[in-house]
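Per our numbering: the sequence shown = residues 5 to 681. Yeah, the Cβ is synthetic: ideal placement off N, Cα and C, and Gly gets one too.
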Amino acid sequence: MLDSMEDARNLLVTLRGRYNQRELAQQLSVSVRTVRRWELGEAEPRPYLADAIRQRLLPLAEPSAQRDAAFTFIDLFAGIGGIRMGFEAQGGRCVFTSEWNPFAAKTYLANHPDATHTFAGDITAVDANDVPDHDVLLAGFPCQPFSIAGVSKKNALGRAHGFADETQGTLFFDVARIIAAKRPAAFLLENVKNLVSHDKGNTFRVICKVLREELGYHIHWKVVDGQHFVPQHRERILIVGFKDVTDFSWNDLQLPAQGPRLASILHPEDGSEAVEAPYTEGSLAKVNAKYTLTPHLWKYLQDYAAKHKAAGNGFGLVDGGSVTRTLSARYYKDGSEILVSQGTRKRPRRLTPRECARLMGFPDTFRIPVSDTQAYQLFATSAIVPMISAVAKCVVSNLPEATPMPNYTIPYGAFPSNGNWTREQLVLAFYLYCQTPFGKLHKANPDIIKLSTQIGRTPSALAMKLVNFASLDPSITNSGRKGLSSASKQDKAIWDEFNSNWETLTIECEQLRQVIEQEGEKAPPSLEALDNFDLSDYTGETRTTIVQQRVKQQFFRRAVLASYGGKCCISGVTDPRLLVASHIVAWHVDKSNRLNPRNGLCLSPIHDKAFDNHLFSLTDDFRILLSNSIRKTDNSFLREVFHPIEDKEIQLPERFLPDLKLVEKHRHMMFTKAQVR
């Protein structure tokens with residue numbers, strides 16, 4: 005396809021079917037006005053633009069199913085893809101989707117145009133054996149039969165609800181039959197909070213019985229409020245199940261203490277946001293007047309609220325500092341549960357569909373190809389994306405070990421010598437940053453010189469990029485260092501991507517380095533990372549899996565030792581032969597953090613062994629806390645080694661400060677195992 009395109013403008017025209025002007029501007033680091041002028045012929049795109057489009061936009065427009073993934077999943081009762089997006093953020097790939105609502109399906113396919121996986125309509129008509137094998141099953145099975153509002157209305161109409169509702173209530177059993185047939189390693193089911201109490205708890209008991217007793221899965225459930233992640237009070241029950249016994253715990257779910265407020269999702273109406281018709285208009289991108297309530301509707305809602313004041317019913321008037329009520333599927337009718345104040349002299353307005361998308365955690369690149377009425381209903385029945393992503397992280401960390409890493413193909417134009425950095429250049433730069441002491445982030449460092457040659461940048465440019473990453477590290481910035489360069493949005497995105505998925509990105513970087521060096525007719529770096537480990541007795545997938553594991557271990561060791569300056573944080577020993585990159589929370593306990601440098605301490609072997617066996621831990625101010633068994637020991641050697649260090653502060657790393665939540669988890673395990681009092 006690329007060979008037939010002659011210039012940047014042709015590429016832009018091709019991509020306009022997939023991206024709007026604002027999305028193109030964001031990806032190409034230009035203004036919306038510039039994109040508009042290109043399209044109108046008022047300005048000519050720069051010559052480099054064609055390469056930039058090939059590097060940054062065409063790969064995103066191609067089916068994501070072509071990319072390698074850490075795990076696979078299926079998306080049942082998919083809606084518009086909110087649950088899918090949460091699991092894709094953790095490195096997963098969707099291989100099968102089911103959604104019967106035509107408007108939801110249209111929206112889903114507009115945002116996930118996968119050509120290589122099956123999209124089915126009615127799940128009841130699908131043979132379970134035709135569903136592809138997968139690691140995780142996702143299902144937000146219909147919530148209407150179990151919601152408080154839905155139950156009340158169906159009672160009033162004399163209609164059945166729950167499992168007696170043939171059109172929706174029994175759809176859980178389609179989930180169960182697919183689990184029974186395909187036996188995925190894990191599943192996540194999402195529903196309304198009221199599922200727990202529906203039919204005096206019988207509905208939930210039946211679901212749990214089927215999952216536990218009939219299917220044999222180990223299940224964990226929790227009601228989570230979405231207001232930790234978005235400015236909306238929205239409680240949902242999440243049921244997680246695993247085929248095998250795991251270390252999954254809801255205590256590992258990281259809930260932000262303070263969620264965002266409504267102002268973060270409202271149109272600013274000051275010109276700082278691009279116009280998005282029909283939601284906003286004019287030079288300041290003001291909200292279209294059609295979203296302001298009519299005088300008649302506003303009077304009706306005020307009268308209704310006054311009449312039902314005693315019962316607490318009425319409308320929900322909110323401002324920028326608010327957390328809203330739950331967005332409901334009837335929002336399109338009058339918007340009464342969330343009305344945005346426009347001051348005392350103006351009637352309030354509804355949220356626009358774009359604001360509803362933001363209220364559910366969808367990015368602004370999410371396309372809305374349906375009417376406002378349909379959009380309101382679709383977002384109201386979707387899942388909160390960042391909440392699902394946080395849960396997905398806990399689920400994925402407990403999946404069985406992934407299959408050996410597949411081959412990596414470098415995209416066309418991945419290593420330009422100037423202009424914006426590509427993703428491939430940035431991930432390799434961050435990979436090196438993690439393994440290089442801060443004091444060696446300079447252009448004369450041989451490792452920086454080597455990588456700069458491979459990725460097409462100068463040593464000075466690469467060194468500066470590593471310093472940019474350092475400006476994002478709280479351990480560095482809190483130390484008072486001056487002269488740090490400002491990181492770009494791309495740098496921040498790579499930082500966040502690594503911090504949410506260390507394992508996948510580490511393997512991707514090692515694959516990428518391997519391809520680069522092989523093309524340069526040099527020895528594959530993955531073998532260099534094996535530290536002379538003998539692989540001669542292994543072949544095929546076994547050999548590849550061993551290489552993969554050793555690559556992970558060596559990355560973690562190098563990153564931790566670099567952070568601590570190659571020195572034991574307790575004894576000060578500096579001989580690398582006597583240093584261990586010790587996990588705060590063990591490798592097998594927390595898979596999502598096992599390559600995270602903030603889950604590491606640089607220790608001597610004896611301190612590593614004692615720490616691993618919970619003979620001592622750390623306080624929240626990083627002081628050494630001895631277990632009772634060490635405090636009371638009669639062994640003179642142990643007393644001599646450990647008693648002098650009690651309550652001493654460890655030598656902190658210059659970056660990647662230990663994560664206090666992981667420290668707390670280690671300390672809790674010590675209290676449990678060693679019975680510290």
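For residue i, three-class secondary structure by DSSP
i, result
"PHE559", "helix"
"ASN402", "coil"
"VAL210", "helix"
"ASP624", "coil"
"LEU141", "strand"
"GLU277", "coil"
"ASN505", "coil"
"LYS447", "coil"
"ARG60", "With a pLDDT of 49 at ARG60, under the threshold of 50, the modelled position of this residue cannot be trusted; read the value that follows with caution. Residue state, collapsed to three classes: helix."
"LEU661", "coil"
"ASP229", "strand"
"SER633", "helix"
"GLU48", "coil"
"LEU430", "helix"
"LYS683", "The chain is shown only over 5 to 681; residue 683 falls outside these bounds and no answer can be derived."
"HIS670", "helix"
"GLY205", "helix"
"LEU259", "coil"
"THR510", "helix"
"GLU653", "strand"
"PHE615", "helix"
"PHE4", "Nothing about residue 4 can be read from this structure; the chain reaches only from 5 to 681."
"PRO648", "helix"
"THR128", "helix"
"PHE675", "helix"
"LEU539", "Note on LEU539: pLDDT 39, under 50, position unreliable in the model; the coordinate value appears next. Of the three classes helix, strand and coil, the one that applies to LEU539 here is coil, per DSSP."
"ARG598", "coil"
"ILE342", "coil"
Start-to-end residues for the beta strand (DSSP E) that takes in residue i
i, result
"CYS606", "604–607"
"LEU80", "75–80"
"HIS587", "584–587"
"PHE191", "190–196"
"ARG216", "No beta strand (DSSP E) holds ARG216; DSSP gives it neither H nor E."
"ALA124", "122–124"
Residue nearest to residue i in terms of C-alpha spacing, selected from the options
i, options, result
"ALA289", "THR298, LEU297 and SER276", "SER276"
"ARG353", "ASP248, LEU363, TRP591 and ILE342", "ILE342"
"GLU194", "ILE211, ALA184 and GLY205", "ILE211"
"LEU242", "ASP251, PRO450 and GLY230", "GLY230"
"TRP104", "SER640, PHE208, LEU466 and GLY125", "GLY125"
"ARG682", "ILE649, ALA267, LEU175 and LEU219", "Any answer about residue 682 is impossible in this case: the structure gives the chain only from 5 up to 681."
"PRO357", "GLN378, LYS350 and THR348", "GLN378"
"VAL279", "PHE107, PRO117 and ARG40", "ARG40"
7 Å CB neighbourhood of residue i in its chain, flanking five on each side removed
i, result
"GLN381", "ALA333 and TYR336"
"SER35", "ALA29"
"LYS157", "Confidence at LYS157 is low in this model, with a pLDDT of 43, below 50, so the placement of that residue is unreliable and no value is reported for it."
"ILE183", "LEU141, PHE191 and LEU219"
"ASN694", "What is shown of the chain runs 5 to 681, which leaves residue 694 out entirely."
Extent of the continuous alpha helix (DSSP H) to which residue i belongs
i, result
"VAL471", "463–474"
"THR481", "478–481"
"ASN115", "106–115"
"CYS98", "Careful: CYS98 lies outside any alpha helix (DSSP H), inside the beta strand (DSSP E) at 96–102."
"LEU382", "376–384"
"PHE252", "Careful: PHE252 lies outside any alpha helix (DSSP H) and carries neither H nor E."
"GLY90", "86–92"
"ILE182", "176–186"
"LEU301", "299–311"
Sequence-distant residues of the same chain with beta carbon closer than 6 Å to residue i, five excluded per side
i, result
"GLU653", "PHE626 and ARG627"
"PHE91", "PHE77 and ALA396"
"GLU644", "none"
"LEU142", "PHE77, ASP79, ILE87 and LEU192"
"SER464", "LYS447"
Other residues of its chain near residue i: CB distance less than 8 Å, five sequence neighbours each side excluded
i, result
"ARG37", "none"
Contact test: residue i Cβ vs the ligand NAD heavy atom, cutoff 8 Å
i, result
"VAL593", "This structure simply doesn't include the ligand NAD, nor any ligand for that matter."
Query raised in the report: Given 8 Å as the limit, is there contact between the stretch 107–119 and the stretch 128–143, that is, 3 or more CB pairs closer than that?
Result: no
Query raised in the report: Does the stretch 431–443 come close enough to the stretch 490–502 to have 3 or more Cβ pairs within less than 8 Å?
Result: yes
Query raised in the report: Between the stretch 386–405 and the stretch 467–480, do three or more beta carbon pairs fall short of 8 Å?
Result: no
**Report entry** Three-pair Cβ contact test at 8 Å for the stretch 201–217 versus the stretch 254–271
**Finding:** no
Query raised in the report: Is it a yes or a no for the stretch 577–589 touching the stretch 448–457, going by three-plus beta-carbon pairs under 8 Å?
Result: no
Query raised in the report: Looking at C-beta atoms only, is the number of pairs between the stretch 555–569 and the stretch 596–608 that lie closer than 8 Å three or more?
Result: yes
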